[in-house]
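> Quick note on this note's numbering: the sequence shown kicks off at 6 and runs consecutively. Beta carbons are placed, not taken as given, at the ideal position from N, Cα and C, and that holds for glycine. As the structure is a computational prediction, the values presented were derived from the model and not from experiment. Okay, handing you the structure first.
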Amino acid sequence: MPFADRESDVLAACLQYLILKGLYVWRQNQGAIPRKGGGYRRFVGLRGVADILGILPQRVEVVGEGEIRFGNLLAVEVKRPGEKPRPEQAAFLARVNELGGVGICVHSVRELETQLRPFVS
Numbered sequence: 006m007p008f009a010d011r012e013s014d015v016l017a018a019c020l021q022y023l024i025l026k027g028l029y030v031w032r033q034n035q036g037a038i039p040r041k042g043g044g045y046r047r048f049v050g051l052r053g054v055a056d057i058l059g060i061l062p063q064r065v066e067v068v069g070e071g072e073i074r075f076g077n078l079l080a081v082e083v084k085r086p087g088e089k090p091r092p093e094q095a096a097f098l099a100r101v102n103e104l105g106g107v108g109i110c111v112h113s114v115r116e117l118e119t120q121l122r123p124f125v126s
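Structure (structure tokens):
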């Protein structure tokens, strides 16, 4: 399997790109956690959470108040080329977008760069 076709490689490259752009981002692990005595502990939490979460910094000028800084949630679901998000992943991204965040699904760093262009300089 070529380097660019492994989801883990695309995810690592996307995470590195976002960090190099100066964004505050982190990998959101959803996998099982190995136990010392054997077996695994399952993740208990919100289903469909994106692979990468972060904060897109925003600034607005408020008359009489000066500059106000805040952030919007960034949620990036990373998939191998040709793959689509599972229904719960698509629902998570849709909800993020409905609430004013930026939820996207990407298959490469180039696609990530293109989709983030309106939000990141």
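1) Under 8 Å Cβ to Cβ from residue 63, same chain only, skipping five residues before and after it: list those, please.
2) Cutting at 6 Å between CB atoms, please list the residues of its own chain near residue 102, excluding the five before and the five after it.
3) Would you check if the distance between the CB atom of residue 88 and the CB atom of residue 110 is smaller than 7 Å?
4) Please go through the same chain and pick out, in chain order, the residues whose beta-carbon is closer than 8 Å to the beta-carbon of residue 127, but skip the five residues on each side of it.
5) Rounding to the nearest angstrom, what Cα-Cα distance links residue 51 and residue 67 in this structure?
6) How many angstroms separate the CA atom of residue 92 from the CA atom of residue 118?
7) Please report the residue range of the alpha helix (DSSP H) in which residue 55 lies.
8) Closest by CA to residue 114, which one among 61, 72, 86?
If we stick to the structure as given:
1) Along the sequence shown, one-based indexing puts residue 63 at 58. Excluding positions up to five away in sequence, the list reads 74, 75, 76, 77.
2) Locating residue 102 in the sequence shown gives position 97, where the first residue counts as 1. Only 108 meet the Cβ criterion.
3) Numbered from its first residue, the sequence shown carries residue 88 at position 83. Numbered from its first residue, the sequence shown carries residue 110 at position 105. No.
4) This structure gives no information on residue 127, because the portion of the chain shown stretches from 6 to 126.
5) Stepping through the sequence shown from its first residue, residue 51 is reached at position 46. Stepping through the sequence shown from its first residue, residue 67 is reached at position 62. Taking the straight line joining both Cα atoms gives about 35 Å.
6) For the purposes of this step, residue 92 is taken as the residue at position 87 of the sequence shown. For the purposes of this step, residue 118 is taken as the residue at position 113 of the sequence shown. Spanning the two alpha carbons is a distance of roughly 24 Å.
7) Residue numbering aside, residue 55 sits at position 50 when the sequence shown is read from its first letter. Unbroken run through residue 55: none, as it is neither H nor E.
8) Residue 114 sits at position 109 when you count from the first residue of the sequence shown. Taking only the C-alpha atoms, the option nearest residue 114 is 86.
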